[in-house]
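K.L.:
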Amino acid sequence: MTVVTAVAVLVGVLAVATVLGLVLRSRTGRARTVSSAGATPATSPVSDETSATSASSTTAHGIAPAEAFGTRATLVQFSTPTCARCPGTRRQLDALAAQHDGVERVEIDVAERAEIATRYNVLQTPTVLLVDADHTVRTRFGGPPRPAELSAALATVLQEAPA
Numbered sequence: 001m002t003v004v005t006a007v008a009v010l011v012g013v014l015a016v017a018t019v020l021g022l023v024l025r026s027r028t029g030r031a032r033t034v035s036s037a038g039a040t041p042a043t044s045p046v047s048d049e050t051s052a053t054s055a056s057s058t059t060a061h062g063i064a065p066a067e068a069f070g071t072r073a074t075l076v077q078f079s080t081p082t083c084a085r086c087p088g089t090r091r092q093l094d095a096l097a098a099q100h101d102g103v104e105r106v107e108i109d110v111a112e113r114a115e116i117a118t119r120y121n122v123l124q125t126p127t128v129l130l131v132d133a134d135h136t137v138r139t140r141f142g143g144p145p146r147p148a149e150l151s152a153a154l155a156t157v158l159q160e161a162p163a
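Residue numbers 1 to 163, in the working numbering, belong to the letters of the sequence shown in order.
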């Protein structure tokens, strides 16, 4: 292999890695609305995997005691003990929940509850689910939620919920 060929291969690999990194970064923390069938929209990178799970992935029944859920909405955070971005997400969700009556945050350690991670197709931590008063999953965030998108999704759920 000549030096020119080796440099061309190296540049190609770096270009592909950069493009993949930018694509993944652009999708992290984006809100994805969850449909009643349990699948995320077709534009979602996990739509095939999510639709293969049971319909129970659209409800939050059984992941925490009923008393832990908010009367209007609940922010469910999936995390692990080694997650570097989870403490910041926890503070973000706690601050948002404190601003609204009837909104609570529930944290699930997927290292201790692997069946829950499988049920909700949690592939990264943090993953956040926005659950309405009926314990139906309305929105899903892979990675730390973008504040504006999280606030907008919560506002939509709170407008529909009884006060």
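Where a beta carbon is used, it is the ideal one built from N, C-alpha and C, also for glycine.
Quick check on the burial criterion: 16 or more other C-beta atoms within 10 angstroms. Buried or exposed for leucine 14?
P.N.:
exposed
K.L.:
Which term fits glutamate 104, buried or exposed, when burial requires 16 or more other beta carbons within 10 angstroms of its beta carbon?
P.N.:
buried
K.L.:
Near aspartate 109, what residues of its chain come up, given a Cβ to Cβ distance below 6 Å and the 5 sequence neighbours on each side ignored?
P.N.:
none
K.L.:
Taking only the alpha-carbon atoms, compute the straight-line gap between valine 76 and valine 4 and give it to the nearest angstrom.
P.N.:
52 Å
K.L.:
For the beta strand (DSSP E) holding arginine 72, just list the boundary residues, first then last.
P.N.:
Neither: arginine 72 is in no beta strand (DSSP E) and is coded neither H nor E.
K.L.:
Do arginine 138 and glutamine 157 count as a contact pair if the criterion is CB distance below 8 Å?
P.N.:
Sequence inspection shows valine at residue 157; the glutamine mentioned does not correspond to that position. Annotated as proximal: valine 157 and arginine 138, with beta-carbon spacing under 8 Å.
K.L.:
Tell me the DSSP secondary structure of glutamate 112 in three-state form.
P.N.:
coil
K.L.:
Rounded to whole angstroms, what's the CA-CA distance from glutamine 92 to valine 131? Just pull it up for me.
P.N.:
16 Å
K.L.:
Candidates Glu67, Ala17, Glu160 and Phe78: which alpha carbon is nearest arginine 113's?
P.N.:
Phe78
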